[in-house]
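Here our numbering runs 169 ahead of the position in the sequence shown, where the first position is 1.
Below is one structure; the comments refer to it alone.
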Amino acid sequence: MVTLETPRLILRRWREEDVALMAAVNADPEVMRWIGDGSVRDERQTRDGIEAMEREWDAHGFGLFAVEIRSTGQMAGFTGLSVPDFMPELLPAVEVGWRLGRSHWGQGLATEAAAAAVRFGFEDRRLERRIRADHGQTRDAPAVRDR
């Protein structure tokens, strides 16, 4: 089971207790306004999404990690690597994705987590290519994406 640690974060596989916590992030209209059509997601949709993330781990040996704050154990959201099947013209490629609860914005956590995930992809999983796909995410997303 893959676990990554940074000075402030633990990136790990998903647990059952993460579903309700991630559902709270996905239920926040301010977080979700930058994702897809901006619709919030309920607990069932969140569970389905986490199950899809776990299937990606099984299929590719990488995926989206649950992000936990080391000092508190609080689940903050997710970050990691994903195959952008919704953009077949870019394949084969891997994109970096992230979504954190609003209380975790503006602290550099997304950048810290994404950097660890990218290192894991290139160094541990020997990926050769990643892409930057701007889906119109948060106003701070270009800062995270470009680091």
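Where a beta carbon is used, it is the ideal one built from N, C-alpha and C, also for glycine.
Everything numeric in this text was worked out from a predicted model, so none of it was measured.
Cβ neighbour criterion (16 or more within 10 Å) applied to residue i
i	result
R224	exposed
A286	buried
M170	exposed
F255	exposed
T307	A caution first: T307 carries a pLDDT of 46, below 50, which makes its placement in the model too unreliable to give a value.
G275	exposed
G319	This structure gives no information on residue 319, because the portion of the chain shown stretches from 170 to 316.
G242	exposed
beta-carbon residue i near the ligand FMN non-hydrogen atom, thresh 7 Å
i	result
E237	Absence of the ligand FMN from the depicted structure is noted, as is the absence of any ligand whatsoever, leaving it without description.
CB-CB length for residue i against residue j, believed under 8 Å
i	j	result
I219	W183	5 Å
R294	G230	6 Å
T181	F234	According to the sequence as given, residue 181 is Arg; it is not Thr. Confirmed, Cβ separation roughly 6 Å.
G270	V200	7 Å
Beta-carbon proximity of residue i to residue j, cut-off 8 Å
i	j	result
M222	G232	yes
T175	E292	no
V236	L190	no
V188	R216	yes
T248	A279	yes
G290	L250	yes
V263	L296	yes
Bridge partners - residue i, DSSP secondary structure assignment
i	result
A235	R181, F247
L190	In the DSSP output, where bridge partners are listed per residue, L190 has none listed.
P174	Sequence check: residue 174 is Glu here, not Pro. Its beta-bridge partners are I179.
Residue span of the alpha helix (DSSP H) that contains residue i, given as start and end
i	result
L269	From DSSP, L269 is part of no alpha helix (DSSP H) but of the beta strand (DSSP E) over 264 to 269.
M201	198 to 201
Residue span of the beta strand (DSSP E) that contains residue i, given as start and end
i	result
T215	Run containing T215: none in the beta strand (DSSP E); it sits in the alpha helix (DSSP H), 212 to 229.
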